[in-house]
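Below is one structure; the comments refer to it alone.
Residue numbers (this note's numbering), protein chains in the order written: chain A, 1 to 291; chain B, 1001 to 1278.
Dropping the structure here:
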């Protein structure tokens, strides 16, 4: 495996994810070519939440899949460089990727119903991930999985552990998916529209959970979402993506007060409501709605 | 707003809808009360947003309004016509005036029909116009929602999600309805398409006095479009007010909770600023 420079999981720059000139083209072998991601470069440092914001079709989900090498080589050509924890992920073998996925870089999708196995108890699905990455016996993996469930605010742990996905609510399922993603303590979590399938109450709860985890575990998150409200409440820095390019970036405050592009302005200034009350926002951000 | 603004188009009184289900394991019957003695007034030419969490009964309510679902009890009046007492042929004529657009266009469009056939079907069923007139009207409708006429022969699966939704909107507009219900219909469209559809709906409302019902789970989504907001909770309307009043002077604790759960961007940014200083 190729290692670039002296970068390790936690180098002096504190950068856990380095993306350079990432380009993703669909339509290999004569099919109509489409460049979904065009020369995207960015870094994510330790403990930082970086938002990738754009509308459907802008290339943000392709970026997520490309980072983890989840695009089929038959349908997409991925080039550039993605370095996670000192390891280059572009162009390496599937087995090398499997070693990294889930342990160093994890992904949470929008729809937890799809990423969970419907005929397997959810606890076992978490234990399975731990077993795949640690040389532990099943008993220890199960105990570890129970601990993760508890940390995700899922209780009673025994009941949740032995439940099947359909027996849980959407919010609970999304927490299971998050537990799977975080159980091996990855350096970076890629969250692709993690709250889009949840209703307002579950969204607020899930957001509070992510905030807590971020502060507690110092985990880095690449937050992919079209929603300015979600980005504003979690991301330290936001990159705006349009037509496969990152057109501008900065803090939400800077983008809101002083956007360089009309597109960014249009995205952020949709709601012009004057109803004030930062105490309301405080309420959500501090997780008053969490159980 | 036109003069007719304050007249009621639809009055709903004491509407209830119960679903009887059987538990898959014990086979015992139980009843789900989706709507409980619900009252609602739709004003002609206005836009009403129905907001509430999933499970509140929003979709059941609009399915009853669209005459797809038959309520267990209650009354729905369209001007002075009792919609629930209509005979079959009267019901057929009434469907002309009420159209509904669902959230998921993929399941709402026949996968075996071309775009043009899908938009034309309501016209054919209602027996409107000759074949070539219908054809012209179909292409005109497609252009209105931003789908080029040359795509008329495409199948739904050849369109993107946003394009499919615009196709469903073209179909709903084909009969020139008086009441258009959008059940989370714009949630999945991107900004430019949302803006285009909203502009089209605004123009139609100004020209023909259409009445709209928007269903949404998030108050932020309806702020720009609604004249009036009805908040739904556990099968009932707990508060119905003009939009500015809902956002600034919500009275019902549930409405206040909904507002607090989805604070506007400005307040989130202000709150972040305070913490980052800590």
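C-beta atoms are modelled at their ideal positions from N, C-alpha and C, and glycine is treated no differently.
Rounded to the nearest whole angstrom, the CA to CA distance from residue 36 of chain A to residue 1066 of chain B is 40 Å. In the DSSP assignment, the residues bridged to residue 34 of chain A are A/26. The beta carbon of residue 1031 of chain B is closer than 6 Å to those of 1018 and 1020 in its chain, skipping five residues each way along the sequence. DSSP places residue 1239 of chain B inside the beta strand (DSSP E), whose first and last residues are 1236–1242. Cβ proximity to chain A below 8 Å picks out 1217, 1218, 1220, 1223 and 1224 from the stretch 1200–1233 of chain B.
Interface with chain A (8 Å Cβ-Cβ cutoff): residue 1265 of chain B is included. In this structure, residue 78 of chain A places its C-beta atom within 8 Å of the C-beta atom of residue 66 of chain A. Residue 56 of chain A belongs to the set of residues whose beta carbon lies under 8 Å from a beta carbon in chain B.
Judged by their CB atoms, residue 223 of chain A and residue 52 of chain A are nearer to each other than the 8 Å cut-off. Of the residues assessed, residue 55 of chain A falls on the buried side of the cut-off, its CB having 16 or more other CB atoms within 10 angstroms. The alpha-carbon separation between residue 89 of chain A and residue 97 of chain A amounts to approximately 7 Å.
Put simply, of A/63, A/250, A/204 and A/146 the residue whose alpha carbon is nearest the alpha carbon of residue 233 of chain A is A/204. Here residue 1183 of chain B is buried: its Cβ has 16 or more other Cβ atoms, across all protein chains shown, within 10 Å. Residues of chain A with a Cβ closer than 8 Å to the Cβ of residue 1181 of chain B do not exist; the shortest Cβ-Cβ separation is about 20 Å. Close partners of residue 1269 of chain B in chain A (Cβ separation under 7 Å): 232, 252, 253 and 256. DSSP, reduced to helix, strand and coil, places residue 65 of chain A within a helical segment of the structure shown.
Membership of residue 1018 of chain B in any alpha helix (DSSP H) is not indicated; the residue belongs instead to the beta strand (DSSP E) covering 1008–1022. Put simply, the CB of residue 1190 of chain B is near chain A, with a gap under 8 Å to one of its CB atoms. Distance check between residue 1080 of chain B and each of B/1096, B/1010, B/1185 and B/1041 places B/1010 closest, using alpha-carbon atoms only. Residue 1258 of chain B reaches chain A at 200, counting residues in chain order whose Cβ is nearer than 7 Å.
In this structure the stretch 156–176 of chain A does not lie against the stretch 1222–1231 of chain B, because fewer than three pairs of beta carbons, one per stretch, are closer than 8 Å.
Every alpha helix (DSSP H) of 4 residues or more that sits fully in the stretch 48–104 of chain A is shown, in chain order, as 60–67 and 94–100.
In this structure, residue 1014 of chain B lies near residue 1073 of chain B, with their beta-carbon atoms less than 8 Å apart.
By the neighbour-count criterion, in which a residue is buried when 16 or more other Cβ atoms sit within 10 angstroms of its Cβ, residue 1140 of chain B is exposed. Burial is judged here by how many other beta carbons sit within 10 angstroms of a residue's own beta carbon; residue 1111 of chain B has fewer than 16 and is exposed. Within its own chain, no residue has a Cβ closer than 6 Å to the Cβ of residue 1267 of chain B once the five positions on either side in sequence are excluded. Taking 8 Å as the CB threshold, residue 1054 of chain B lines the interface with chain A. Between residue 266 of chain A and chain B, the shortest Cβ-Cβ separation is below 8 Å.
Pairwise C-beta distances place the stretch 174–190 of chain A in contact with the stretch 99–108 of chain A, as three or more of them are shorter than 8 Å.
Around the beta-carbon of residue 242 of chain A, 16 or more other beta-carbon atoms lie within 10 Å, marking it buried. Inter-segment contact for the stretch 1233–1243 of chain B and the stretch 1026–1046 of chain B is present: three or more beta-carbon pairs are separated by less than 8 Å. Chain B places no beta carbon closer than 8 Å to that of residue 118 of chain A, leaving this residue out of the contacts. Under the three-pair Cβ rule at 8 Å, the stretch 114–132 of chain A counts as touching the stretch 144–151 of chain A.
The alpha-carbon separation between residue 121 of chain A and residue 164 of chain A amounts to approximately 5 Å. Annotated as proximal: residue 108 of chain A and residue 191 of chain A, with beta-carbon spacing under 8 Å. Residue 111 of chain A sits in coil when the DSSP states are folded into three classes, being neither helix nor strand.
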